[in-house]
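So the sequence shown is residues 455 to 1144, counted in this note's numbering.
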Amino acid sequence: IDGSNLWFAQSQLHSHNHSLQPKSLVVTDMDGKLTLASNELLNGLNQLFQTSIKQKSRVSKGSVWLSLTNNSEVIQFIDPQELKALGEDGFIIKYIDEKKSVLITGNNQKAVLYGVFHYLRLLQTVAIDKDSLNITEIPKYKVRILNHWDNLDGSVERGYAGRSIWKWDELPTKVSPRYKKYARANASIGINGTVLNNVNANPHILTTEYLKKVMVIASELRPYGIQVYLSVNFASPAVLGGLDDANPKKEEVKDWWKNKVKEIYELIPDFGGFLVKANSEGQPGPMDYGCTHADGANMLADALKPYGGIVMWRAFVYNPKGWDRAKQAYEEFLPLDEQFRDNVMIQVKNGPVDFQPREPLSPMFGAMKETQVMPELQITQEYLGFSDHLVYLGTLYQEFLQSDTYAKGKGSTVAKVTDGSIYNHPVSGIAGVANIGEDNNWCGHHFAQANWYVFGRLAWNPDADVKTIAEEWVRQTLTQKDKVVSSIVEVMMNSREATVNYMTPLGLHHLMGWDHHYGPEPWCVVEGARPDWLPTYYHKADSIGIGFDRSSTGSNAVKQYFEPLRSEFDNIATCPEEYLLWFHHVPWNHKMENGQTLWNQLCLKYQEGVDEVKKSQEVWSKMKTYIDEQQFKEVQEKIAIQLKEAIWWKDACILYFQTFSKQPFPEGVEEPVHKLEELKKLKFDLKHHN
Ligand code: BDP
């Protein structure tokens, strides 16, 4: 199994579900809207039950019955209120006793398709019976979207699975079969939108030539309910339109955007909208003209509004002159909270810095009340070992989504302040930076597919349990053997904590080599580089201790959080240890909860990370007889790399920090196999990773 079939690879029933073979499939479909869904269901069932299920026109004992909700018979069995509440995307799967049949229904074709995928998933992943088939699923977020950082030249920024799947030079004439497979995979986990190009946007995506290519992709994705969005460069009116500048207050600039938007909708009537990175890391934006983020976002929002389009405006802004990068988005955006149009969402990364293995939540969540905030998660493992390390991100996503902001008292989790449960805005959304490329297995590492999968499942329901999702993925992708499933799930569930430990334990962050963000370079100094891109800016190790003082005696970033979080983070005695060095500069001999000194605990955490990878290597080596040969071997090779690099990380960090602490390694920490000077000379080979 080469991974090209993703989580459709196994197609085997859960061992308890063999008796559930349907006697017939009935599709009530007057106008051909359900063709895709019924084909998907029929093929899925035939494959799972290894048979050829008959299609019939009347529901009878043992049927699976597919229908839109507007069917007169469906209405007999389900309360109209319930049907209405399903909205656009929700579905019902229900065992109807009177008919002795299973009904799958939703208000439109996309919803029915979601229902079909869900039913097929249940058959593969849990023991089901008549009673458990009484399911109503409604997605929490309206926009569930992937952000591709794909460039028009086919390269992918922070992509580790080969080149872009979008073949711009072949389009619009040649249409890659992968577009449909991509759409199907996304639909199967509930994703309903995709931003095709990099946030560092090339203005040329908006030329008529490129829009015609986008149109073809959009029509390939449409049947699966995936809407297309584009990242736009704020300077486009000047670069493409020949205007003097892109000042959002100027009429000719507004008109340029209006005309461009009109052109887009003529080609793509269901176009989703724009994603914008402005005045960030050198990108142009409204502040170039003395205007605000709100001025810029609103101008685009006004152009899109008549067509139902939205703007996703990113809050990833920071200035090298600032004292503390972690504070800046909040400072720049909070004063604008009341100014954004209702079709603007502010897209905010989970943590206040940048997709680190662990960060506390960004204080923007919950604080922006008048504006819809949408979380941005990273699926591609920019800071977590690229596609070489096995890291299941479900636990990271869950930790973040369940973090309490306290914005409206206890229980105001990030999920609740962004999915519409607490603040009510017309749109809501969540984005994941894609880890997809043209590699045979799509994501570079077999297990990286699980991160795409879990992102989709959590975008549908941010309160879902990520262990259950891991199990779902394993059963569909790797094996149905119960014992084996639980061992693999355990490896997955521990993998992120292991990575935090061997890379950046106890709240450390951004120790990666500058620029490529791969291996450890806590010592890194680059002449002329932005200080806030260098590890020393973040760890601040010295003879006294280590960590960034963001408490009230330091940068006071803690002030941006609601109480009681603010005080909890501010006080070294109550600050959770996993964030200790994020918020405090802590003396080497500080006593930790378990009685160890900080120095000892730091070293032991690095060792723990390495040990955990060793453990997963052992577990995996026992999987040989249960897992497909290719899957087994490819994962095994990657774990060997991961272990080598975990040791490399540990050695580099503890040897380097030892030059400040001047203390020996505690018992239990393996002697470094590398020398600091050697590690400093190691040149990272980017070619190997792209
Ligand atoms: C950083 C990446 C950079 C992205 C940037 C962003 O290193 O490549 O362009 O985020 O999100 O994590 O805009």
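All C-beta atoms, glycine included, are put in the ideal place defined by N, C-alpha and C.
Please read all numbers here as calculations on a predicted model, not as lab measurements.
Does the distance from the CB of residue i to the CB of residue j come in under 9 Å?
i            : j            : result
residue 1054 : residue 1126 : no
residue 643  : residue 599  : no
residue 700  : residue 688  : yes
residue 843  : residue 835  : yes
residue 501  : residue 465  : yes
residue 1005 : residue 971  : no
residue 729  : residue 690  : no
residue 510  : residue 517  : yes
residue 734  : residue 765  : no
residue 812  : residue 636  : no
residue 595  : residue 883  : yes
residue 795  : residue 732  : no
residue 674  : residue 719  : no
residue 548  : residue 515  : no
residue 793  : residue 746  : yes
Using DSSP with H/G/I as helix, E/B as strand and the rest coil, what is residue i?
i            : result
residue 549  : strand
residue 1146 : Residue coverage of the chain in this structure runs from 455 to 1144, which leaves residue 1146 outside it and unanswerable.
residue 517  : strand
residue 921  : helix
residue 507  : coil
residue 457  : coil
residue 635  : helix
residue 726  : coil
residue 885  : strand
residue 1066 : helix
residue 847  : coil
residue 870  : helix
residue 995  : coil
residue 643  : coil
residue 801  : strand
residue 578  : helix
residue 1105 : helix
Quick check: the Cα distance between residue i and residue j, rounded to an integer number of angstroms?
i            : j            : result
residue 1075 : residue 901  : 15 Å
residue 911  : residue 639  : 12 Å
residue 1155 : residue 909  : Lying before the first or after the last residue shown, residue 1155 is absent from the chain, which here runs from 455 to 1144.
residue 889  : residue 896  : 8 Å
residue 993  : residue 976  : 8 Å
residue 474  : residue 925  : 21 Å
residue 947  : residue 848  : 8 Å
residue 818  : residue 615  : 32 Å
residue 845  : residue 1077 : 18 Å
residue 755  : residue 1090 : 49 Å
residue 611  : residue 790  : 30 Å
residue 773  : residue 779  : 7 Å
residue 943  : residue 1099 : 22 Å
residue 980  : residue 1103 : 20 Å
residue 1071 : residue 939  : 16 Å
residue 1042 : residue 999  : 5 Å
residue 576  : residue 482  : 22 Å
residue 467  : residue 519  : 20 Å
residue 1144 : residue 607  : Its pLDDT being 40, under 50, residue 1144 is placed unreliably by the model, and nothing is read from it.
residue 816  : residue 973  : 25 Å
residue 1148 : residue 800  : Because residue 1148 is not part of the residues shown, which for the chain are 455 to 1144, the question remains open.
residue 1155 : residue 629  : The chain is shown only over 455 to 1144; residue 1155 falls outside these bounds and no answer can be derived.
residue 591  : residue 1057 : 46 Å
With DSSP as the reference, identify every bridge partner of residue i, one or two as the case may be.
i            : result
residue 604  : 610
residue 1217 : Nothing about residue 1217 can be reported from this structure: the residues present for the chain run from 455 to 1144 only.
residue 683  : 649 and 727
residue 753  : Paired residues: none, contrary to the question.
residue 1000 : 1040
residue 764  : 727
Can you round the beta-carbon distance between residue i and residue j to whole angstroms, since I take them to be within the 8 Å contact cut?
i            : j            : result
residue 661  : residue 683  : The Cβ separation is near 17 Å, so there is no contact.
residue 786  : residue 803  : Between residue 803 and residue 786 the Cβ distance is about 14 Å, and since that is not below 8 Å, they are no contact.
residue 431  : residue 1035 : Because residue 431 is not part of the residues shown, which for the chain are 455 to 1144, the question remains open.
residue 781  : residue 1117 : That pair is no contact at about 32 Å.
residue 1109 : residue 1136 : Contact doesn't hold; Cβ gap of about 13 Å is too wide.
residue 1111 : residue 952  : At roughly 19 Å, the Cβ-Cβ gap does not stay under 8 Å, so residue 1111 and residue 952 are not in contact.
residue 479  : residue 496  : 6 Å
residue 1059 : residue 959  : 4 Å
residue 810  : residue 784  : Between residue 784 and residue 810 the Cβ distance is about 17 Å, and since that is not below 8 Å, they are no contact.
residue 865  : residue 858  : 7 Å
residue 891  : residue 458  : About 12 Å separates the two Cβ atoms, so there is no contact after all.
Can you find a heavy atom of the ligand FAD that lies under 8 Å from the Cβ of residue i?
i           : result
residue 603 : Looking at this structure, you won't find the ligand FAD anywhere; what it does contain is the ligand BDP.
Should residue i be flagged as near chain B, meaning a C-beta pair shorter than 9 Å?
i           : result
residue 539 : In summary, chain B is missing from the structure at hand, where a single protein chain is found.
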